[in-house]
Amino acid sequence: MGKFGKEFIKGLIITNPVFVLVLGLCPLLAISTSIDNALGMSLAVLIVLLGSNAIIAAIRRFIPNIVRIPIFIVVIATMVTIVNLTFHANFPDLYESLGIYLPLVVVNCIVLARAEAFASKNPIVHSIADALGMSVGFMLALLMISFLRQVPGTGSLSVFGFHFFTLPVLGKNPIAIFILPYGAFLVIALLMALFRRTGVMKL
Amino acid sequence: MNELITIFLGLVLINNFLLVRFLGLCSFIGVSTKLSNAVSMGVAVTFVMALASVVTWIIRHFILIPFNIEYMNIIVYILVIASLVQIVELFIKRTNITLYFAFGIYLPLVTVNCAVLGVTLINATENYSFLGSVAAALGGGLGYTLIMAMMSGIREKLELANTPETMKGTPIAFILAMLLGLAFVGFVGMI
Amino acid sequence: MLAKTTLKNAFPIIILTVIVAICVTALTFTESITRDKIKAQEEQKIQHMLSAIFPDMSRYDFTNDIYTIYSDGAKVGYAFLAVGKGYGGDISILVGLKDETTVKGITIVSHSETPGLGSRIAESSFTDRFIGLNVEDVALRQEGGQIDAITGSTISSRAVIDAVRTTAMEKVKQLTESEGRE
Numbered sequence: 008m009g010k011f012g013k014e015f016i017k018g019l020i021i022t023n024p025v026f027v028l029v030l031g032l033c034p035l036l037a038i039s040t041s042i043d044n045a046l047g048m049s050l051a052v053l054i055v056l057l058g059s060n061a062i063i064a065a066i067r068r069f070i071p072n073i074v075r076i077p078i079f080i081v082v083i084a085t086m087v088t089i090v091n092l093t094f095h096a097n098f099p100d101l102y103e104s105l106g107i108y109l110p111l112v113v114v115n116c117i118v119l120a121r122a123e124a125f126a127s128k129n130p131i132v133h134s135i136a137d138a139l140g141m142s143v144g145f146m147l148a149l150l151m152i153s154f155l156r157q158v159p160g161t162g163s164l165s166v167f168g169f170h171f172f173t174l175p176v177l178g179k180n181p182i183a184i185f186i187l188p189y190g191a192f193l194v195i196a197l198l199m200a201l202f203r204r205t206g207v208m209k210l
Numbered sequence: 004m005n006e007l008i009t010i011f012l013g014l015v016l017i018n019n020f021l022l023v024r025f026l027g028l029c030s031f032i033g034v035s036t037k038l039s040n041a042v043s044m045g046v047a048v049t050f051v052m053a054l055a056s057v058v059t060w061i062i063r064h065f066i067l068i069p070f071n072i073e074y075m076n077i078i079v080y081i082l083v084i085a086s087l088v089q090i091v092e093l094f095i096k097r098t099n100i101t102l103y104f105a106f107g108i109y110l111p112l113v114t115v116n117c118a119v120l121g122v123t124l125i126n127a128t129e130n131y132s133f134l135g136s137v138a139a140a141l142g143g144g145l146g147y148t149l150i151m152a153m154m155s156g157i158r159e160k161l162e163l164a165n166t167p168e169t170m171k172g173t174p175i176a177f178i179l180a181m182l183l184g185l186a187f188v189g190f191v192g193m194i
Numbered sequence: 051m052l053a054k055t056t057l058k059n060a061f062p063i064i065i066l067t068v069i070v071a072i073c074v075t076a077l078t079f080t081e082s083i084t085r086d087k088i089k090a091q092e093e094q095k096i097q098h099m100l101s102a103i104f105p106d107m108s109r110y111d112f113t114n115d116i117y118t119i120y121s122d123g124a125k126v127g128y129a130f131l132a133v134g135k136g137y138g139g140d141i142s143i144l145v146g147l148k149d150e151t152t153v154k155g156i157t158i159v160s161h162s163e164t165p166g167l168g169s170r171i172a173e174s175s176f177t178d179r180f181i182g183l184n185v186e187d188v189a190l191r192q193e194g195g196q197i198d199a200i201t202g203s204t205i206s207s208r209a210v211i212d213a214v215r216t217t218a219m220e221k222v223k224q225l226t227e228s229e230g231r232e
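Protein chains in written order, with our numbering: chain A, 8 to 210; chain W, 4 to 194; chain B, 51 to 232.
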C-alpha cells in the first residue's frame with residue numbers, strides 16, 4: 008500500500024495538477040459553471056486517465072521512442088471517443104452540457120503529461136495510482152471552483168436536481184460575475200493566491 | 004460574404020477563444036510573458052488552425068460522413084493536427100533555420116493546444132461550409148493572437164510593478180485575463 | 051542485411067499501425083453497441099419537446115422541415131424550428147402551430163443569452179405570451195403586436211419574436227402551397 012498510497016497523495020496535493028502544475032485549464036474554467044458539469048467532467052477525465060495510464064504502462068516496453076507521442080495520442084483519443092460515445096448514449100444531458108469540452112479531454116495537458124512523464128516509465132499498478140491521484144486532485148480543484156462559481160452566481164445550490172439550499176439575498180439577485188466566463192479567471196486567481204498564502208501549496 | 008465576416012468577427016471579438024471559450028489556456032499562462040514569444044505562438048497557432056480546418060473539413064465531408072464513421076473524428080482530427088505540426092516543423096527547419104529556432108518548443112506545443120482541436124470540432128458541430136471553416140480558423144486564431152499579444156504586453160510592464168507576493172506570476176495573470184474578458188464583453192451584441 | 055535494417059526501421063511504423071488497428075477495432079465495437087441508444091435518445095428528445103407543446107400528441111410526421119402532429123389519427127397542428135439572431139448568438143426555437151393561423155406555443159431549445167437577463171426568454175413567463183396568438187400578431191406591443199418584451203432584454207425578446215413570426219409565415223406559405231397542390 009505504501010508506494011500506491013504515496014503516488015496517490017502526490018497526485019492529490021503536492022503536485023496537484025491544477026493549482027501546482029497549472030495543467031488542464033481549458034475545460035476547467037469552461038465547465039465550472041455548475042457542480043453537475045464538474046462531476047461529469049471529473050468522471051470523464053478519471054476514466055480516460057485510468058485507461059490511458061494503464062494501457063500505456065502495460066505496453067511501455069514495446070513502444071519505440073520515435074513513435075511514442077503518436078502512440079500516446081492514439082490511445083488517449085480512443086479512450087476519449089469511447090467515453091464520448093458512452094456519455095452520449097447513457098447521459099445525454101451531461102453530454103450536451105459538456106459540449107466540445109468532452110472531446111477536448113484528448114488534448115487535456117494532464118492526460119498527455121501523465122502518459123509521457125509517468126505511465127511510460129512505471130509499472131501498471133503505480134500508473135493506476137497516479138491516474139487516480141491526479142483525477143481526484145483535478146476533481147477537487149474543479150469542485151472547489153464550481154462551488155465558488157455556482158453558489159454566488161445563481162444564489163442556490165442544486166446537484167443533479169437535488170436542491171440543497173438557496174441563499175437569502177443572493178437567491179433573488181445572484182452576483183452574475185461568478186457565472187460569466189471572465190468570473191472564472193477571478194475565482195481561480197483568488198483560490199491560487201489563497202493556497203499560496205496559507206502555505207497549503209508551494210509557490 | 005456577410006456570413007463569413009460574421010463568423011470571423013464573432014470569433015475574434017465576441018466568442019473569443021481565450022477569454023470566452025477558454026481554448027488555448029495552457030499555453031496562455033506559460034507563453035504570454037514576453038511579447039515576441041506570444042506573437043510567435045499566436046502566428047504558429049493561427050497557421051496550423053487554418054491548415055487543420057481545411058484538411059479536417061475535406062476529410063469530414065468526403066470520408067467521415069459518406070462512410071458513416073463520424074465518431075472517429077476525435078482520433079482522426081488529432082492525428083491530422085499532430086502530422087501537420089510535424090510537417091510544418093520540418094518545412095520551417097529546411098527553409099528558414101532562424102525562424103525554426105525562434106519558434107523553439109512552441110511549434111510542438113501547438114499540437115496539444117486546445118484551440119486547434121477546438122476549432123476543428125466547432126467547424127463540425129456548427130456545420131460550417133468550407134470557407135466558413137477557414138473564416139472560423141482565422142477568426143479564432145486572430146482572437147487568440149490578439150489576446151496573447153495584449154496579455155504579454157501588459158505582463159512585461161507588470162514585471163516592474165510591485166505585486167503582492169501571493170499574487171505574483173500566475174494569479175495576477177488570471178486577474179488580467181478577467182479584466183480583458185470584462186472589457187471584451189463590450190463587443191457583445193455588435194453583430 | 052538490407053532486409054534486417056529495413057525491418058528495424060520499419061518496426062516503429064509496424065507497432066504504430068498495430069496499435070492504431072487495435073484502437074480502431076475497439077472504437078468500432080463501442081460505436082456499434084452505443085449506436086441504437088444514441089438514436090433513441092435523439093428521438094426521445096424531439097418527442098419530449100413536441101409533447102410539451104402538444105400534450106395530446108400520439109405521433110408525428112417529419113417532411114420538408116415541418117413536423118405534422120397527430121392525436122389519435124386527427125391532425126392537431128404543425129411544428130418547426132426557427133432560428134433567431136440573439137444578443138449572444140443564435141437562438142433555437144421550436145414553434146408549434148395549432149393551424150395555419152394560430153400559435154399553439156413555443157419552446158426555446160438553445161440560446162447563449164446573458165444569464166439573468168436575456169436568458170429569461172426560456173422561462174414560461176415569456177414563452178406563454180405566444181400561446182393562442184395569431185401569427186400576424188406575433189410582434190412587440192410597441193410595434194403593433196401583442197407581446198411585451200422582457201424588461202431589460204429587448205434585443206433577446208425581439209430576436210425570438212421576429213424569428214417566430216418570420217419563420218411561421220414562411221412555413222404557413224409552404225403548407226398552403228403544398229395543400230393547394232394536393
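Glycine residues also receive a C-beta, built at the ideal position from the N, C-alpha and C atoms.
No experiment lies behind these values; they were computed from the predicted model shown.
Contact test: residue i Cβ vs the ligand SAM heavy atom, cutoff 8 Å
{"i": "residue 172 of chain B", "result": "With respect to the ligand SAM, the structure shown offers nothing to examine, as it has no ligands at all."}
Inter-residue CB distance, residue i and residue j (contact presumed, cutoff 8 Å)
{"i": "residue 62 of chain B", "j": "residue 74 of chain A", "result": "4 Å"}
{"i": "residue 55 of chain W", "j": "residue 87 of chain W", "result": "6 Å"}
{"i": "residue 92 of chain A", "j": "residue 109 of chain W", "result": "Rounded, the Cβ-Cβ distance is 33 Å, inconsistent with contact."}
{"i": "residue 156 of chain B", "j": "residue 163 of chain B", "result": "The Cβ separation is near 15 Å, so there is no contact."}
{"i": "residue 150 of chain W", "j": "residue 119 of chain W", "result": "In fact, because the Cβ distance is near 16 Å, the residues do not count as touching under 8 Å."}
{"i": "residue 19 of chain W", "j": "residue 187 of chain W", "result": "6 Å"}
Chain-order list of residues whose beta-carbon lies under 8 Å from that of residue i (same chain, five-residue window excluded)
{"i": "residue 228 of chain B", "result": "114"}
{"i": "residue 98 of chain A", "result": "47"}
{"i": "residue 94 of chain A", "result": "47, 51, 101, 102, 105 and 109"}
{"i": "residue 205 of chain B", "result": "136, 137 and 168"}
{"i": "residue 173 of chain W", "result": "32"}
{"i": "residue 11 of chain A", "result": "132, 133 and 136"}
{"i": "residue 184 of chain A", "result": "160, 190 and 193"}
Run of the alpha helix (DSSP H) containing residue i, from where it starts to where it stops
{"i": "residue 135 of chain B", "result": "Not the alpha helix (DSSP H): residue 135 of chain B falls in the beta strand (DSSP E), residues 124 to 135."}
{"i": "residue 154 of chain B", "result": "No alpha helix (DSSP H) contains residue 154 of chain B, which is instead part of the beta strand (DSSP E) from 153 to 160."}
{"i": "residue 90 of chain A", "result": "75 to 97"}
{"i": "residue 114 of chain W", "result": "Unbroken run through residue 114 of chain W: none, as it is neither H nor E."}
{"i": "residue 203 of chain A", "result": "188 to 204"}
{"i": "residue 150 of chain B", "result": "Here residue 150 of chain B belongs to no alpha helix (DSSP H), and DSSP marks it neither H nor E."}
{"i": "residue 52 of chain A", "result": "42 to 65"}
{"i": "residue 144 of chain W", "result": "133 to 161"}
{"i": "residue 45 of chain W", "result": "38 to 62"}
{"i": "residue 182 of chain W", "result": "173 to 187"}
Residues that DSSP places opposite residue i in a beta bridge
{"i": "residue 87 of chain W", "result": "Partner(s): none; residue 87 of chain W has no beta bridge."}
{"i": "residue 121 of chain B", "result": "B:124"}
{"i": "residue 166 of chain A", "result": "A:169"}
{"i": "residue 113 of chain B", "result": "B:116"}
{"i": "residue 190 of chain B", "result": "B:197"}
{"i": "residue 184 of chain B", "result": "B:152"}
{"i": "residue 203 of chain B", "result": "B:200"}
Cutoff 6 Å; reference residue i; Cβ partners in own chain excluding five residues on either side
{"i": "residue 68 of chain W", "result": "none"}
{"i": "residue 115 of chain A", "result": "31"}
{"i": "residue 136 of chain W", "result": "56, 60 and 126"}
Cβ neighbours of residue i in the same chain (closer than 7 Å, five flanking residues each side left out)
{"i": "residue 125 of chain W", "result": "139"}
{"i": "residue 166 of chain W", "result": "175"}
{"i": "residue 196 of chain B", "result": "183 and 187"}
{"i": "residue 100 of chain W", "result": "none"}
{"i": "residue 114 of chain W", "result": "84, 85 and 88"}
{"i": "residue 173 of chain A", "result": "162 and 163"}
{"i": "residue 41 of chain A", "result": "153 and 157"}
{"i": "residue 150 of chain A", "result": "42 and 45"}
{"i": "residue 63 of chain A", "result": "79, 82, 122, 126 and 127"}
Residue span of the beta strand (DSSP E) that contains residue i, given as start and end
{"i": "residue 170 of chain A", "result": "169 to 173"}
{"i": "residue 140 of chain B", "result": "140 to 147"}
{"i": "residue 180 of chain B", "result": "Taken as a continuous stretch (DSSP letters only), residue 180 of chain B belongs to no beta strand (DSSP E), as it is neither H nor E."}
9 Å Cβ cutoff, residue i in contact with chain E
{"i": "residue 66 of chain B", "result": "Checking the listed chains, one finds no chain E in this structure; the protein chains it contains are A, W and B."}
- Mind listing which residues of the region 21 to 35 of chain W have their C-beta closer than 9 Å to chain A's C-betas, in chain order? 22, 23, 24, 25, 26, 27, 28, 29, 31, 32 and 33
- Using a Cβ-Cβ cut-off of less than 9 Å, list which residues of the region 90 to 112 of chain B approach chain A; keep chain order. 90, 91, 92, 94 and 95
- Message: Please list, in chain order, the residues of the region 68 to 93 of chain B that have any C-beta partner in chain A closer than 7 Å.
- Response: 69, 70, 73, 76, 77, 80, 81, 84, 87, 88 and 91
- Could you list the residues in the region 83 to 105 of chain A with a C-beta less than 8 Å from some C-beta on chain W, going in chain order? 84, 85, 87, 88, 91 and 92
- Message: For the region 160 to 184 of chain W, list every residue whose C-beta sits within 9 Å of some C-beta in chain A, in sequence order.
- Response: 167, 168, 169, 170, 171, 172, 173, 174, 175, 176, 177, 178, 179, 180, 181, 182, 183 and 184
- Query: Just by C-beta distance, which residues in the region 124 to 156 of chain A are closer than 7 Å to chain B?
  - Reply: none
- Task: Could you name the residues of the region 59 to 86 of chain A whose beta carbon sits closer than 9 Å to any beta carbon of chain W, in the order they occur along the chain?
- Result: 76, 77, 80, 81, 83, 84 and 85
- Query: Taking a cut of 9 Å between CB atoms, which residues from the region 53 to 82 of chain W lie near chain A?
  - Reply: 74, 75, 76, 77, 78, 79, 80, 81 and 82
- Query: Got a sec: which bits of the region 109 to 120 of chain A sit with their beta carbon under 7 Å from any beta carbon on chain W, in order along the chain?
  - Reply: 110, 111, 113, 114, 116 and 119
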